[in-house]
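Numbering (the working numbering), first residue to last: 568 to 984.
Report on the following structure.
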């Protein structure tokens, strides 16, 4: 590893002002080229100034628990379709585990510069059997504006306008159904990974025919309640789309990179795993139990699944909205959360609706209480500091008083001196 890169690695998360200044200077130099680093059973080219590259630089990994799931399916003989492949870390993890000639590995990435890095990483590891497509995946064949990240997170570019991105040109968009001849056939079990920054409902809408044709498959998908709601979509829509394609089993990936021990989200997204068929179920049973958080019982009525999934998503939204809005610093926030639309076509659900609002209110109020506790702790710490200063001043006054008492009094009559 080059000396500058080693130094940059040591400074990555230091909060010292001098370290920050040096890190900024190093980033301007290091960001001008890519660096080859070990990754799993191969090598990968990364930009150390970007979020994904920094993870690989620090630990040699990226989203290790998600990678573990991808590897488990590939080892079981599943083909792999990567919608939103970025520089290919998940694709490489799957391809390295190829076990049969029948397995296919297909990836889609629309952003031109990142697609070039995807190609370079596959070539670097001599993965000649992978299929790479420079296109976005949506609900129709079109040309759309790609919004690239304006910070250091190359994984946040999107076909939707969102904070932290800016338009950077247009890209072709197609559908999974339109590409069906290039995708795994029904006789091959398949894992589909979808990470398209809020565009998931449209990607699923354009792939319903192909997804429905697969008897044994799994979908590993990133879900951001905030991005979905910003685009006028909902988690319920995702669940409904997956149901229509036959994916009736759903779990949240409960990993330490996504959730805190108290079930709060670290970021504004989480991952879900959905599956159908015996082979996919067998792989799920082999996953470590700490990775998965069951939220939907098998064969539950559709509205119950919607209710449970949305409750988790609402909880996530309440938690992740805290840094984005000052409204949650007021008790009115609980009322606003209560008023979110409850999506259901089932009549006579007043009791469930009231329960929904009750859960939402509790999470909203909990957020306010947590913020108030933090404020109280800060005030208490300040009072302690002030009390310490008062005690020190009192000691100084007492010391001066004793010194004054020992001084000899000067007589008023000079003749008596």
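Ideal Cβ positions, reconstructed from N, Cα and C, are used throughout, including at glycine.
Quick check: what's the CA-CA separation for residue 820 versus residue 760?
13 Å
Buried or exposed for residue 957, please, with buried defined as at least 16 other CB atoms from any protein chain shown within 10 angstroms of its CB.
exposed
Are residue 637 and residue 660 touching if we call contact CB-CB under 7 Å?
yes
I'd like to check one pair, residue 773 with residue 742: are the Cβ atoms closer than 7 Å?
yes
Can you list, in chain order, the residues of its chain with a C-beta nearer than 8 Å to that of residue 808? Leave out the 5 residues immediately preceding and following it.
768, 771, 772 and 775
Return the chain-ordered list of same chain residues with a C-beta closer than 6 Å to the C-beta of residue 783, the five sequence neighbours on each side being excluded.
756, 844, 846 and 847
Alpha carbons only, please: which of 672, 699 and 673 is nearest the one belonging to residue 684?
699
Mind reading off the beta-carbon distance from residue 652 to residue 674? Whole number of angstroms is fine, and I expect it under 8 Å.
Right, their Cβ atoms sit about 4 Å apart.
Buried or exposed, going by whether 16 or more other CB atoms sit within 10 Å of the CB of residue 670?
Answer is buried; the Cβ neighbour count reaches 16.
Per DSSP, which residues does residue 842 bridge with? Please list them.
785 and 816
Based on the DSSP output, what are the partners of residue 712 in its beta bridges?
737
Given a threshold of 16 other Cβ atoms within 10 Å of its Cβ, counted over all protein chains shown, does residue 703 qualify as buried or as exposed?
buried
Looking only at C-alpha atoms, which of 643, 800 and 691 sits nearest to residue 655?
Ranking 643, 800 and 691 by Cα distance to residue 655 puts 691 first.
Taking the alpha carbon of residue 814 as the point to measure from, which residue in 825, 824 and 785 has its own alpha carbon closest?
Relative to residue 814, the option among 825, 824 and 785 whose CA is nearest is 785.
Answer yes or no: do residue 717 and residue 733 have a C-beta to C-beta separation smaller than 7 Å?
Between residue 717 and residue 733, the CB-CB gap stays under 7 Å.
Short check: CB of residue 663 to CB of residue 608, under 7 Å?
yes
In chain order, what residues of the same chain lie with their CB nearer than 6 Å to the CB of residue 620, ignoring the 5 residues before and after it?
Taken in chain order, the residues that qualify are 613 and 614.
My output table needs one value for residue 850: the three-state DSSP class, helix, strand or coil.
helix
Less than 8 Å between the CB atoms is what I'm expecting for residue 758 and residue 777, so what's the real figure, rounded?
The pair is not a contact, with the Cβ atoms about 14 Å apart (cut-off 8 Å).
Does the beta-carbon distance from residue 701 to residue 672 come in below 7 Å?
It is not a contact, given that the beta carbons lie outside the stated cut-off.
Which stretch, first to last residue, makes up the beta strand (DSSP E) that contains residue 611?
609-613
Can you give me the C-alpha to C-alpha distance between residue 954 and residue 633, rounded to a whole angstrom?
50 Å
Determine the DSSP secondary structure at residue 790, reduced to helix, strand or coil.
strand
What three-state label does DSSP hand residue 865 in the structure shown?
Caution applies to residue 865, whose pLDDT of 40 falls short of 50 and renders its modelled position unreliable; the model cannot decide the point.
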